[in-house]
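> Dumping the structure here so I can ask a few things about it.
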Amino acid sequence: LKRDSKYGQINKEHVKFFQDLLGSESAVINDFSSDATDDIEPFNSDWMRKYRGHTKLVLKPGSTEEVSKILKYCNDNMLAVVPQGGNTGLVGGSVPVFDEIVVNLQRMNNIRSFDEVSGILVADAGVILEVADNYLAENNHIFPLDLGAKGSCQIGGNIATNAGGLRLLRYGSLHGSVLGIEAVLPDGTIMDDLSKLRKNNTGYDIKQLFIGGEGTIGIVTGISILCPQRSPAMNVAYFGLESYEKCQEAFREAKNQLSEILSAFELMDGRSQKLINKATGKKMPLESEYPFYCLIETSGSNTDHDNEKLQTFLEHVMEASIVSDGVLAQDQTQIQELWSCRESISECLGHWGGVYKYDLSLPISSMYDLVNDVRNRLTEAGLVGDDELHPVVDVVGYGHMGDANLHLNIPTRRYDKEVEKQLEPFVYEWVKGKNGSISAEHGLGIAKKPFIRYSRSETMIKLMKQIKDLYDPNGIMNPYKYI
Ligand code: FAD
Ligand code: MLT
Ligand code: ZN
Numbered sequence: 074l075k076r077d078s079k080y081g082q083i084n085k086e087h088v089k090f091f092q093d094l095l096g097s098e099s100a101v102i103n104d105f106s107s108d109a110t111d112d113i114e115p116f117n118s119d120w121m122r123k124y125r126g127h128t129k130l131v132l133k134p135g136s137t138e139e140v141s142k143i144l145k146y147c148n149d150n151m152l153a154v155v156p157q158g159g160n161t162g163l164v165g166g167s168v169p170v171f172d173e174i175v176v177n178l179q180r181m182n183n184i185r186s187f188d189e190v191s192g193i194l195v196a197d198a199g200v201i202l203e204v205a206d207n208y209l210a211e212n213n214h215i216f217p218l219d220l221g222a223k224g225s226c227q228i229g230g231n232i233a234t235n236a237g238g239l240r241l242l243r244y245g246s247l248h249g250s251v252l253g254i255e256a257v258l259p260d261g262t263i264m265d266d267l268s269k270l271r272k273n274n275t276g277y278d279i280k281q282l283f284i285g286g287e288g289t290i291g292i293v294t295g296i297s298i299l300c301p302q303r304s305p306a307m308n309v310a311y312f313g314l315e316s317y318e319k320c321q322e323a324f325r326e327a328k329n330q331l332s333e334i335l336s337a338f339e340l341m342d343g344r345s346q347k348l349i350n351k352a353t354g355k356k357m358p359l360e361s362e363y364p365f366y367c368l369i370e371t372s373g374s375n376t377d378h379d380n381e382k383l384q385t386f387l388e389h390v391m392e393a394s395i396v397s398d399g400v401l402a403q404d405q406t407q408i409q410e411l412w413s414c415r416e417s418i419s420e421c422l423g424h425w426g427g428v429y430k431y432d433l434s435l436p437i438s439s440m441y442d443l444v445n446d447v448r449n450r451l452t453e454a455g456l457v458g459d460d461e462l463h464p465v466v467d468v469v470g471y472g473h474m475g476d477a478n479l480h481l482n483i484p485t486r487r488y489d490k491e492v493e494k495q496l497e498p499f500v501y502e503w504v505k506g507k508n509g510s511i512s513a514e515h516g517l518g519i520a521k522k523p524f525i526r527y528s529r530s531e532t533m534i535k536l537m538k539q540i541k542d543l544y545d546p547n548g549i550m551n552p553y554k555y556i
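In UniProt numbering, the protein residues as written are 74 to 556.
Next up, the structure:
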């Protein structure tokens, strides 16, 4: 990949323009002053420390108008831009590839309004997900999305990646819950589509293009989103199971018996749980070890009703030997403790050095077969082992079972060409063979861009390119990525 020479180079005159525009010193970080390199570094590298860019300039606008002026200037001067939220994305989309200007939304962090009757929240894109959810908790509501990175990721970043997360099974995709978007187009046009309407069939629903658009057609500056009532009763259970077939039976029973109160059904294999223990020393919730674990969350409006349902469910899955052992959280601390067995997997897998991450949609019945196939393949190639001689630590699978979304992860001691050769295109071909998706919820970024054809036809790619060219004719937005 080479830097495209059509883009201008940042010079001191540009920096001066942005300093005058944004006023405050802290809103413009540039690499022209000798001691700024350390300040700029966090904006140049991603959460996994796998992708690293070389921007010389980070801009932190404080308003939609400022974003508009920034983009207009960049468009007029052919300066490439990377929109950046909390920089927790997992496909290298939020960091520059070369010297693109980083436009970070962290200063745009106001809740604009909340209506308790409708449950509609309007907020700046730079609000951190957990901050939004805490605000909603005070108002008896919940953000319809939750994920392990909630303490750092921004709601604008969530929308730009169309994040799925831990409760999609209950609250659905952001394509349904986001009611309106305010965004700035590359030429500086402010697209005010911050509707608070649940229904609005008046023409194309253009905001949907920004949901999952990964910053390629504009910068999201504000969102309006429908938030459900917070459930007063919440229960979390963690089960050990003897096989993947049993996990599927447990899921079927959970849907059957818990139906409207089921708010999450997550899968973790035994190996992922072992690695949490190895990386952190954390004691796992169950005494014995199992090849599979499931985490079930219920939330409903009536504690007695929920407890009764859950009790019946638990008795059934134990008596029918669908689950072998389990624990039900008794208080808020235990709820968090059990959730951390699922949420901390991503972070723990990075403990040995690198991780090859695959985020896949597959038919639920054959989802885990891929993990076994990949493990066998890497083992046969002599790449998996407990010592430094072997690059691969293990091959693990976990994910959002309720959404048929598997996270196949290969934690390694180092990034290794031989491992890569065994994994790709093998994984992508396997997924294509099942008509799955090579990116279920993390997006394309730079990591998955070369593989889009495994999940999209030429016609669909052509239509996507037309949209990109229409909105961003100069191609200044997040170049080298997506399509
Ligand atoms: P960034 O990483 O900063 O950006 C992501 C992409 O969006 C980039 O392409 C960027 O250019 C673009 N972007 C960011 N902000 C804007 C904006 N305002 N306007 C336009 N474009 C923008 N994802 C899931 O789907 N489900 C999960 O369960 C999940 N769990 C995670 C757990 C952990 C521990 C981590 C580290 C990540 C996880 N993710 C998950 C990945 C997920 O994509 C991000 O966490 C989140 O949605 C990205 O938000 P962000 O603010 O960090 O965006
Ligand atoms: C998760 O579900 O934990 C996230 O999508 C992050 C990951 O895939 O590791
Ligand atoms: Zn996930």
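Backbone N, C-alpha and C fix where the C-beta goes; we use that ideal spot for every residue, glycine too.
For clarity, every value in this text was computed on a predicted model and none was experimentally measured.
Indicate the three-state DSSP secondary structure (helix, strand or coil) for residue 510 in the structure shown.
If DSSP states are grouped into helix, strand and coil, residue 510 belongs with the strands.
> Out of 124, 456, 214 and 328, which one is the CA nearest neighbour of residue 485?
The residue with the shortest Cα to Cα distance from residue 485 is 456.
> Check this for me: beta carbons of residue 307 and residue 250, under 9 Å apart or not?
In this structure, residue 250 does not lie closer than 9 Å to residue 307 by Cβ.
> For residue 311 and residue 220, which I take to be in contact (beta-carbon distance under 8 Å), what is that distance rounded to the nearest angstrom?
At roughly 19 Å, the Cβ-Cβ gap does not stay under 8 Å, so residue 311 and residue 220 are not in contact.
> Quick one: residues with CB closer than 7 Å to any heavy atom of ligand 3, in chain order, please.
The filter returns 220, 237, 238, 432, 472, 473, 478, 480 and 514, in chain order.
> Tell me which residue opens and which closes the alpha helix (DSSP H) that residue 445 is part of.
Residue 445 -> alpha helix (DSSP H) spans 440 to 453.
> Under a three-way DSSP split, which group does residue 167 fall into?
Residue 167: coil per DSSP, three-state reduction.
> Measuring CB to CB, does residue 396 end up less than 9 Å from residue 323?
Yes; because the gap between Cβ atoms is below 9 Å, this pair is in contact.
> Would you list the one or two residues that DSSP bridges to residue 125?
BP columns for residue 125 point to 118.
> Can you tell me whether residue 325 is buried or exposed? The criterion is at least 16 other CB atoms within 10 Å of its CB, across all chains shown.
Exposed.
> Can you tell me the Cα-Cα spacing of residue 422 and residue 488, whole angstroms?
Going from the Cα of residue 422 to the Cα of residue 488 covers about 14 Å.
> Are at least three pairs of beta-carbons, each pair with one atom in the stretch 428 to 448 and one in the stretch 501 to 514, less than 8 Å apart?
Yes: the two stretches touch, three or more of their Cβ pairs being nearer than 8 Å.
> With a threshold of 8 Å (Cβ to nearest heavy atom), would residue 226 be considered close to ligand 1?
Within the cutoff, so yes.
> For the beta strand (DSSP E) containing residue 308, name the first residue and the last one.
Element bounds for residue 308: 306 to 314.
> Whose CA, out of 223, 496, 293 and 144, lies closest to the CA of residue 417?
Out of 223, 496, 293 and 144, 223 has the C-alpha closest to the C-alpha of residue 417.
> Determine which residues share a DSSP beta bridge with residue 197 and list them.
295, per the DSSP bridge assignment.
> Compute the distance between the beta-carbons of residue 400 and residue 359, then report whether it is under 9 Å.
Yes, the pair counts as a contact, with Cβ atoms nearer than the cut-off.
> Kindly confirm or deny that the stretch 169 to 186 and the stretch 74 to 83 touch, where touching means at least three C-beta pairs closer than 8 Å.
Yes: at least three Cβ pairs fall under 8 Å.
> To which residues of the same chain is residue 144 closer than 6 Å at the C-beta, ignoring the five residues directly before and after it?
Result list for residue 144: 257, 259 and 261, in chain order.
> Check the C-beta distance from residue 625 over to residue 266 and give it rounded, since I have them as a contact under 8 Å.
The structure shown has nothing for residue 625, since the chain only spans 74 to 556.
> Ligand 1 heavy atoms versus the CB of residue 250: any closer than 8 Å?
No, since every heavy atom of ligand 1 falls outside the 8 Å radius drawn around the Cβ of residue 250.
> Per DSSP, residue 372 is paired with what?
BP columns for residue 372 point to 307.
> Taking residue 338 as the reference, give the member of 385, 85, 476 and 153 with the closest Cα.
Of 385, 85, 476 and 153, the residue nearest in Cα terms is 476.
> Using a 10 Å radius around the Cβ and a threshold of 16 neighbouring Cβ atoms, would you call residue 480 buried or exposed?
That one is buried.
> Our contact map puts residue 517 next to residue 555 with C-beta atoms below 8 Å; I'd like the distance itself, whole angstroms only.
That pair is a contact at about 5 Å.
> To the nearest whole angstrom, what separates the beta carbons of residue 248 and residue 352, a pair I think is in contact under 8 Å?
Contact flag wrong, Cβ pair sits at about 35 Å.
> Just checking my contact of residue 465 with residue 451 at CB under 8 Å: how many whole Å lie between their CB atoms?
Yes, residue 465 and residue 451 are in contact; Cβ-Cβ is about 5 Å, under 8 Å.
> Please classify residue 122 as buried or exposed, where buried requires at least 16 other C-beta atoms within 10 Å of its C-beta.
With fewer than 16 Cβ atoms within 10 Å of its Cβ, residue 122 is classed as exposed.
> Is there at least one non-hydrogen atom of ligand 1 closer than 8 Å to the beta-carbon of residue 128?
No, since every heavy atom of ligand 1 falls outside the 8 Å radius drawn around the Cβ of residue 128.
> Going by CA-CA distance only, name the one from 158, 127, 153 and 128 that's closest to residue 134.
Out of 158, 127, 153 and 128, 158 has the C-alpha closest to the C-alpha of residue 134.
> I'd like to check one pair, residue 233 with residue 284: are the Cβ atoms closer than 9 Å?
Yes; because the gap between Cβ atoms is below 9 Å, this pair is in contact.
> Check whether the Cβ atoms of residue 429 and residue 380 lie closer than 9 Å to each other.
No; because the gap between Cβ atoms is not below 9 Å, this pair is not in contact.
> What do you get for residue 309, buried or exposed, if any count of 16 or more other CB atoms within 10 angstroms of its CB means buried?
Result: buried.
> With DSSP collapsed to three states, give me the class of residue 143.
Of the three classes helix, strand and coil, the one that applies to residue 143 here is helix, per DSSP.
> Report buried or exposed for residue 318, applying the criterion of at least 16 other Cβ atoms within 10 angstroms of its Cβ.
Exposed: under 16 other Cβ atoms inside 10 Å.
> Just list the residues that DSSP pairs residue 365 with in beta bridges.
Answer is 314 and 342, bridged to residue 365.
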